Structures are given as structure tokens and as C-alpha cells.
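Undergrad: What follows is a single structure, and I will ask about it in a moment.
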Amino acid sequence: MRVFLIRHGQTDMNVQRRLQGSSDTELNDVGRQQAIETRAMLEAKELIPTHVISSPLGRAIETAHLISGIPVEEVEIAQDLIEMSFGDYELKLLQDVDPTFADRFFGSPETYVPPKGGEEYDHALMRIDRFFNSFKKRIQNNEFKDQDKVFLVSHGATGHGIFEYLSKNPRKDYWKQDFNNCAVAELFLGLDGTKSGYEIVSEGFQKNW
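Residues in the sequence shown are numbered from 13 upward in steps of one, following this note's numbering.
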């Protein structure tokens with residue numbers, strides 16, 4: 013089986029540079045078109061999903077639907093794929109919060125302290141670890157077939173956490189790999205003694221931090 017991670021398409025919050033975090037926002041028309049174009053790209057590579065697992069947030073679920081063609085109500089939801097929370101900073105413009113926030117969050121993730129009610133990087137990695145431990149058990153229980161292609165649809169910060177989880181890179185390199193709207197990465201889970209890691213299939217569309 014093959015496993016792919018996809019970031020959701022563009023939202024108005026991305027364009028406005030708002031900290032949407034774990035708030036439930038929807039795709040904008042550009043984001044929907046990105047998902048449609050990504051589906052065409054994947055189909056051209058004969059990457060057609062047999063299973064789709066999404067974050068519970070609307071922007072991820074709609075992306076999952078548009079990329080796969082699977083009805084929204086049939087998309088499997090995994091709470092642990094949700095985006096990192098920014099607590100009191102949720103939905104605020106980046107320019108309106110602590111001016112040191114962006115440098116701390118993106119530039120020094122190894123020392124980042126979240127705003128009140130926000131999520132720490134280590135907690136996000138705990139969620140990711142929990143998700144993949146459960147997912148690997150499903151594989152071991154033969155829930156998936158060798159020919160299956162599983163799409164995981166998530167977010168920017170959580171996606172980078174998945175890269176750290178698989179590659180074991182140091183926290184300071186958390187944001188080293190760009191993962192733009194509708195970017196696609198193939199994940200290698202290190203089953204049967206193989207090396208875990210990831211490979212970028214598509215860099216997605218314009219960078220929206």
C-alpha cells in the first residue's frame with residue numbers, strides 16, 4: 013500500500029494572514045480550484061485513493077472530497093490530524109498579535125511557547141504519534157490491501173509535524189520543508205524494518221505560510 017499526505021487548499025484566512033489554527037474555516041474558490049487541479053495531477057500519475065482520512069476541519073474535509081471524489085459524508089475523520097491551536101490568537105491577523113510571535117513560531121520552534129490556550133509542538137507530535145500508532149495497527153490487522161492508496165488530508169503545522177515524526181529531524185528544522193496549499197507528499201512508515209521518511213510529490217501552489 014502507499015500513503016500520501018495532502019495539505020488543504022487555500023482559505024481566505026491564508027490570504028489575509030490570519031492564524032486560523034484549529035478554528036473551522038472553509039476553502040475559498042481558489043482553494044477549491046487548487047484541489048480540483050491536484051486531483052487531475054494525481055490521476056495523471058495513476059494515484060487514485062482507495063481510502064481518504066481527514067482532519068475534522070471543514071477546509072480539510074472539502075479538500076479530501078474534491079481531491080478524491082468521495083462524498084463528504086464518507087470521508088473518514090481523524091481528530092488527531094487537526095491543525096495546531098493558537099489559543100487566544102485564533103483568527104487574529106498576524107500583524108495584530110505579539111510582534112515576536114512569527115519569529116518564535118516559525119524561526120525558533122525548538123523554544124516556542126504558545127499563547128494562552130495554544131498548543132505546544134510537543135503536544136502536536138503526541139497527537140501525530142497516536143494517529144500513526146493506530147494507523148499502523150490497522151495495517152498489521154490487514155485492514156488495507158497491498159494495492160491500496162491512502163490519502164491523509166491535514167494542515168501546514170501538523171503536516172510539518174508528520175515530517176518530523178517520520179524523518180526524526182531536529183525541531184529547529186521543523187519548517188525547513190515547504191508544504192504549500194494542496195502540496196502532496198508520499199509517506200514511508202518504516203514498516204517491516206524499512207526506513208521511515210517522506211518524499212514530496214507536488215510542492216502545491218503559492219506559499220501561504
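Every residue gets a Cβ at the ideal spot worked out from N, C-alpha and C, and that includes glycine.
What you are looking at is a predicted structure, and each value in this text was computed from that prediction instead of being measured.
(1) Pairs of beta-carbons, one from the segment 124 to 135 and one from the segment 68 to 83, closer than 8 Å: are there three or more?
(2) Could you pull the DSSP bridge partners for A197 from this structure?
(3) Is it buried or exposed, P121, if we count other Cβ atoms within 10 angstroms and call 16 or more buried?
(4) With a CB to CB cut of under 8 Å and the five nearest residues on each side skipped, what residues in its chain are close to L178?
(5) What are the boundary residues of the beta strand (DSSP E) that includes S166?
(6) By alpha-carbon positions, which one of Q159, Y186, H167 and N181 ends up nearest to E58?
(7) V84 to T75, Cα distance in whole Å?
(8) Mark N154 as exposed unless 16 or more other C-beta atoms lie within 10 angstroms of its C-beta, in which case mark it buried.
(9) Does DSSP put F98 in a helix, in a strand, or in coil?
(10) Less than 7 Å between the C-beta atoms of P61 and F163, yes or no?
(11) To the nearest whole angstrom, what separates the beta carbons of D100 and G129, a pair I think is in contact under 8 Å?
(12) Excluding the five sequence neighbours on either side, which residues of its own chain have a C-beta within less than 7 Å of the C-beta of L78, listed in chain order?
(13) Just list the residues that DSSP pairs T23 with in beta bridges.
(14) What did DSSP end up calling G1 once you bin it into helix, strand or coil?
TA: On the basis of the supplied data:
(1) no
(2) L17 and I212
(3) buried
(4) L199, F200, L201, G202, S208, G209 and Y210
(5) K161 to S166
(6) Q159
(7) 9 Å
(8) exposed
(9) strand
(10) yes
(11) 6 Å
(12) R44, A47, I48 and R51
(13) L39
(14) Residue 1 lies beyond the range of the chain shown here (13 to 221); nothing can be said about it.
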